[in-house]
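Line by line, the protein sequences are chains A and B. Position 217 (the first sequence) corresponds to 217 in the working numbering; numbering is contiguous. Take any residue in the second sequence, note its place counting from 1, add 1000, and you have its number in the working numbering. We treat Cβ as the ideally placed atom computed from N, Cα and C, and that holds for glycine.
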Amino acid sequence: MYVAVKGGERAIENAHDWLAEERRGDTSVAELTVPQIREQLSLAVNRVMTEGSLYDPDLAALAIKQARGDLIEAIFLIRAYRTTLPRFGYSDPVDTGGMACDRRISATFKDLPGGQVLGPTFDYTHRLLDFKLAADGEGPQAPERDTAPAPVPRVTGFLNREGLIEAAPEDDTPPPDLTREPLEMPANRALRLQALTRADEGFTLGMAYSTQRGYARNHAFVGELRIGTVPVEMEVAELGFAIEIGEVTLTECETVNQFKGSKTEPPQFTRGYGLVFGQSERKAISMALVDRAMRWEELGEDDVGAPAQDAEFVLYHGDNIQATGFLEHIKLPHYVDFQSELELVRKLRRDAGDQEAAE
Amino acid sequence: MGLLARAPEGRVAALLAEAGAARKFDWLRAPEIGSVMVRGRAGGTGALFNLGEMAVTRCSLRLADGTVGHGYVQGRRKAEAEAAAQVDALMQTGEAAAIRAAVLTPLEAEETARRSARARKAAATKVEFFTLVRGED
């Protein structure tokens, strides 16, 4: 039972003022601006946009500043703000095949049309601290090379042509939206993908890693990972046609997984899919592995009881705002609850004592 | 309208002002900030799913001659939405050619330059991997 408390206003106000002062830190050090966070901590901004489920780099940067760098607190601020916005509508599906790629790699095909493009990646760095960054922030200018615009076809497309991989045929069924209807089981794949894309990165990574270690192993390869921008189009009622309303940076991961076949179908590779806002490739790959693990039923695989196969377990525990909300609420005043439990324990001990005395 | 939606802060209004093209107008719908749910497809080509929202600002206005213009821009940017709606309205008037030359053409050139700079940097990171033959025969 919850019983309200009152009082403490002065202490709470003072605590908030002190929080603001601590947020600012040592005033002899220059204050961080929102554009600095947006430009220089862009991967943190991307994570806040993805898990906050709202693409707005300026707002995400502001949330990170306000949250003193606590990304889950920042995501909480974005989720709260998001609920205040009127919904203008749903976009047309983004065409990731037409992405202007900053990065595009495949771990399965060495020579692929469109080429392997590394982009601004941490891969192949030595993970040694760079003390030059502590001294001055001047980076080198990135080299450039002439290029003619060329299509960058999907890797799964090549395999598809030979029938070696399951197809993903276009399907315009309106998907469920967990921001409008509560998440309920069983969840179809569209709902699972929506929940996974905004799920906690650490949780999703842990689940994905568990499949690699053998809990519902699905032998994933990164068929393709691409990062870049795509236009967003929406039908606008007052115009009567679709217009571009902006552009978003996305990371997309397609995995190529263990093949399966049956008496009627020849063996073919299966697929997992990850798509997230910004440059967030660890999250995109994790999402694809977990998506694939949760598809066990439709692909006729056994339920081996692995955590990543359990959609209910994954989807109900992957949202860090739900999780932290419930977890952190236990530190708020529960005095009356606890008093009743204290009473109960005292009574049980008294009864046990009486019984002993009687024997 | 895509060019207007993506234009950097203040750029459309600046180009309009330079061209002396800004007009008096009445609001049909004052600038309003909201969200659009962005959709993707499973596997890139398959079933629709909801990816997440993006912030969008929209407005509608009417010029003195009755022409109606709509503005939809990315982010929380009321001034940009207003400028975009003005351009949309003016593009339906006799001034269309002048507005295209003064606003849309420079915006397009600037965007192409930004994009090709990124594409050139990406091209510089294109790799050829070679698989090595292992020693044992």
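At least one beta carbon of chain A lies nearer than 7 Å to the beta carbon of leucine 1051 of chain B. Contacts between valine 236 of chain A and chain B, judged by CB atoms closer than 8 Å, involve His1070, Tyr1072 in chain order. With 16 or more other Cβ atoms from the protein chains shown falling within 10 Å of its own Cβ, asparagine 257 of chain A counts as buried.
Assignment of serine 1116 of chain B by DSSP, reduced to helix, strand and coil, places it in the helix class.
Bounds of any beta strand (DSSP E) do not take in asparagine 14 of chain A; it lies within the alpha helix (DSSP H) bounded by 9-24. Put simply, the CB of lysine 1121 of chain B is near chain A, with a gap under 7 Å to one of its CB atoms.
Per DSSP, reduced to three states, the secondary structure at lysine 132 of chain A is helical. Taking a Cβ-Cβ threshold of 9 Å, none of the residues of chain A is close to valine 1133 of chain B; the smallest such distance is about 14 Å. Counting the other CB atoms within 10 Å of its CB gives serine 28 of chain A a total below 16, which places it among the exposed residues.
When C-alpha distances from valine 248 of chain A are compared across A/Thr96, A/His317, A/Asn160, the shortest belongs to A/Thr96. For lysine 1126 of chain B, the closest Cβ of chain A is nearer than 7 Å.
Look at isoleucine 64 of chain A here: in three-state DSSP terms it is helix.
Measuring C-alpha to C-alpha distances from leucine 32 of chain A to each of A/Trp18, A/Arg47, A/Lys65 identifies A/Lys65 as the nearest. Residues of chain B with a Cβ closer than 8 Å to the Cβ of threonine 173 of chain A are, in chain order, Ala1047, Leu1048. Membership of tyrosine 273 of chain A in the beta strand (DSSP E) is indicated by the continuous run 268-277.
In the DSSP annotation of this structure, the continuous segment of the beta strand (DSSP E) that includes phenylalanine 1025 of chain B starts and ends at 1025-1041.
DSSP lists B/Ala1047 as the beta-bridge partner residues of aspartate 171 of chain A. Remark: C-beta atoms of leucine 77 of chain A and threonine 1125 of chain B do not approach each other more closely than 7 Å.
Taking a Cβ-Cβ threshold of 7 Å, the residues of chain A close to arginine 1058 of chain B are Phe88, in chain order.
Per DSSP, isoleucine 37 of chain A has no beta-bridge partner at all. Within 8 Å of the CB of aspartate 56 of chain A, the CB atoms of chain B belong to Met1054, Ala1055, Gly1075, Arg1076, in sequence order along the chain. Residue contact with chain A for phenylalanine 1129 of chain B: present (Cβ-Cβ distance below 7 Å to some residue of chain A). Cα atoms of arginine 189 of chain A and isoleucine 72 of chain A: separation of roughly 26 Å, rounded to the nearest angstrom.
Using a C-beta cut-off of 8 Å, the segment 175-182 of chain A makes no contact with the segment 266-283 of chain A, since fewer than three inter-stretch Cβ pairs fall below that distance. When secondary structure is reduced to three states using DSSP, aspartate 354 of chain A falls in the helix class. When the Cα atoms are used, alanine 1119 of chain B and alanine 100 of chain A turn out to be separated by approximately 8 Å. Nearest in C-alpha terms to alanine 195 of chain A, of all of A/Leu239, A/Asp172, A/Thr255, A/Glu51, is A/Glu51. Under the Cβ criterion of 7 Å, alanine 1005 of chain B is counted among the residues facing chain A. Taking 9 Å as the upper bound on Cβ-Cβ separation, chain B lies near residues Val232, Glu233, Met234, Val236, Glu238, Leu239, Ile243, Glu244, Ile245, Gly246, Glu247, Val248, Leu250, Glu252, Glu254 of the segment 232-257 of chain A. Counting along the chain, the unbroken beta strand (DSSP E) around lysine 260 of chain A starts and ends at 241-260. Interface annotation, lysine 110 of chain A: in contact with chain B, CB-CB separation under 7 Å.
Only those residues of the segment 131-148 of chain A whose C-beta falls short of 8 Å from the nearest C-beta of chain B are listed: Ala142, Pro143, Glu144, Arg145, Asp146, Thr147. Only residues of its own chain outside the window of five on either side were considered, and among them Ala1079, Ala1083 have a CB closer than 7 Å to the CB of alanine 1013 of chain B, listed in chain order. Taking 7 Å as the CB threshold, alanine 1042 of chain B lines the interface with chain A. Rounded to the nearest angstrom, the gap between the Cα atoms of leucine 59 of chain A and valine 232 of chain A is 19 Å.
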